[in-house]
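What follows is a short report on a single structure.
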Ligand code: NAD
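Residue numbers (my numbering): 11 to 464.
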């Protein structure tokens, strides 16, 4: 059995059967059997079904958001936003089946055209930090393109994926099109990766596991998209609105208790403004409300587990340069106080490794060239921000930073309509926006001769 723990109380909130290799094999067989009929559903009917799934999630938004908030330990206001995004994602990709256009290509002797064909059975492997939101980024485009799915949620947070499966069946999705197997990565996830009848793996998780998935997928030449870790930089120039940058910084690194692949956990500040920046940031961190995820006022919840808290704590040893820390509730719960380290060198462990907890590193720099060098001095390349009052500099630096998702005078990363994904070891491929559909379809080219036969 899987015992699902509520991180804010450390109590078991649900128990469910743990899937293993046999269940994965059965789910793949069901998905394979359902594929011919699902790909043959007309684009209009597929779109209608997807809109019904969006309506079904929306009708139960409060209930599903509460489940997510309790299971992942995230503030209920954030959980509502995430489930709202699930609804939006299904509605957005409901527009896709009727717009999966090919090309006609001028050639000699005939007509040449392309189709966007579904890939077949897609294995989805997702993490625990944004359980249903990230699931929907994969399920919705995969279904829109006519694929069938085996979905493996994280063992720590399987509950909302199972709710989505229920909602989809109630909406009329045929049996076998979406199959959820809650189980461990090393058995269920690994079996999906090596299964000869799975055409593609779409994975979100750590770079370490992603590396193994890429290697495993090579055996059967599976398509892979990987959304992996990050160590993103916010770059704050002296000419920026320092108050605004400092007020926005805590949410960008302490949001979801720092368990966010996009966390801007390296804050590069031009040396002359470091003190001003820290003073302004401290007042926001002091006001940060850390506590019960179900309290409407809460801005940060606990970490996901006790062992993860130990890992995060290892980045703040006794002699760490702690500039200031927020506070946490007493009593049970995997709490960790939001912590700002300053000054940090980009060579320090806290600045190099993904902490995945509420720990920010403030790193001073002296000029634009040094800011770009430090921002790029990482194996990752997922997100980042540039704060400056100089528009030319903003665009110059944006072009120079090797990262997939950037914002200027803002820390926003994710929108349903725009592509999301990483450079370097932050991943392969893009999710969301129109680009995601390229990763759930194969291009087929057909030449039709117009020459007279014989
Ligand atoms: P993880 O890599 O430990 O696990 C992710 C998923 O992979 C889980 O479902 C897990 O069961 C499964 N898994 C584990 N070992 C496996 C194996 N050997 N074979 C197949 N599947 C396996 O990651 P996590 O701790 O759940 O999530 C945190 C990580 O996810 C962080 O590194 C974070 O940056 C990353 N992340 C990235 C994005 C993004 O979009 N780039 C988004 C969210 C999280």
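Glycine residues also receive a C-beta, built at the ideal position from the N, C-alpha and C atoms. Being a predicted model, the structure only gives us computed values, none of them experimental.
Just reading off the beta strand (DSSP E) that residue i is part of, what are its end residues?
i	result
residue 260	Careful: residue 260 lies outside any beta strand (DSSP E), inside the alpha helix (DSSP H) at 252-264.
residue 277	276-280
residue 374	369-375
residue 453	451-459
residue 214	210-214
residue 115	114-117
residue 394	394-397
residue 134	131-135
residue 161	158-162
residue 177	Residue 177 -> not in any beta strand (DSSP E); alpha helix (DSSP H) instead, spanning 169-181.
residue 26	21-26
Terminal residues of the continuous alpha helix (DSSP H) containing residue i?
i	result
residue 292	284-297
residue 404	401-410
residue 147	141-154
residue 89	86-104
residue 61	53-69
residue 316	316-323
residue 45	31-50
residue 204	200-204
residue 120	Segment 120-128 is the beta strand (DSSP E) holding residue 120; no alpha helix (DSSP H) there.
residue 386	378-386
residue 223	217-228
For the ligand ATP, any of its heavy atoms closer than 7 Å to the Cβ of residue i?
i	result
residue 99	As far as ligands go, the structure on display features the ligand NAD and does not contain the ligand ATP.
Taking the alpha carbon of residue i as the reference point, which residue from the options has its own alpha carbon closest?
i	options	result
residue 107	156, 437 and 234	156
residue 423	168, 223, 215 and 265	265
residue 109	451, 458 and 327	451
residue 188	147, 132, 223 and 274	132
residue 383	364, 356 and 269	356
residue 514	76, 152 and 129	Since the displayed the chain opens at 11 and closes at 464, residue 514 lies outside it and no answer follows.
residue 218	232, 201 and 196	196
residue 437	235, 426, 320 and 326	235
residue 446	326, 150 and 191	150
residue 360	335, 333, 326 and 341	326
Should residue i go down as buried or exposed, given a rule of 16 or more other Cβ atoms within 10 Å for buried?
i	result
residue 113	exposed
residue 225	exposed
residue 161	buried
residue 229	exposed
residue 314	buried
residue 105	exposed
residue 33	buried
residue 199	buried
residue 220	buried
residue 454	exposed
residue 88	buried
residue 277	buried
residue 352	buried
residue 25	exposed
residue 78	buried
residue 296	exposed
residue 169	buried
Counting only the same chain and skipping the five closest in sequence on each side, list residues whose C-beta sits under 8 Å from that of residue i.
i	result
residue 80	16, 18, 23, 303 and 304
residue 412	386, 391, 433 and 434
Please list, in chain order, all residues of the same chain as residue i whose beta carbon is under 7 Å from its beta carbon, the five residues on each side excluded.
i	result
residue 27	11
residue 280	246, 247, 248 and 375
residue 101	61 and 64
residue 59	181, 182 and 183
residue 48	156, 158, 184 and 187
residue 138	82, 164, 166, 167 and 314
residue 130	45, 157 and 209
residue 227	203, 211 and 234
Excluding sequence positions up to five away, which residues of its chain have a Cβ less than 6 Å from the Cβ of residue i?
i	result
residue 294	257 and 260
residue 324	none
residue 97	64, 67 and 68
residue 418	396 and 404
residue 364	239 and 241
residue 173	74
residue 135	162, 199 and 213
residue 122	115 and 457
residue 128	49, 155, 156 and 157
residue 201	31 and 34
* Asked: Below 8 Å, can you find three or more Cβ-Cβ pairs linking the segment 388-397 to the segment 431-441?
  -> yes
* Any contact of the segment 347-354 with the segment 363-370, i.e. 3+ C-beta pairs under 8 Å? -> yes
* **Inter-stretch contact (C-beta, 8 Å, three-pair minimum) for the segment 296-316 and the segment 395-403** => no
* To do: Answer yes if the segment 252-262 comes into contact with the segment 283-297, meaning at least three C-beta pairs across the two stretches below 8 Å, and no otherwise.
  => yes
* Is the number of C-beta pairs between the segment 89-101 and the segment 142-156 that are closer than 8 Å three or more? -> yes
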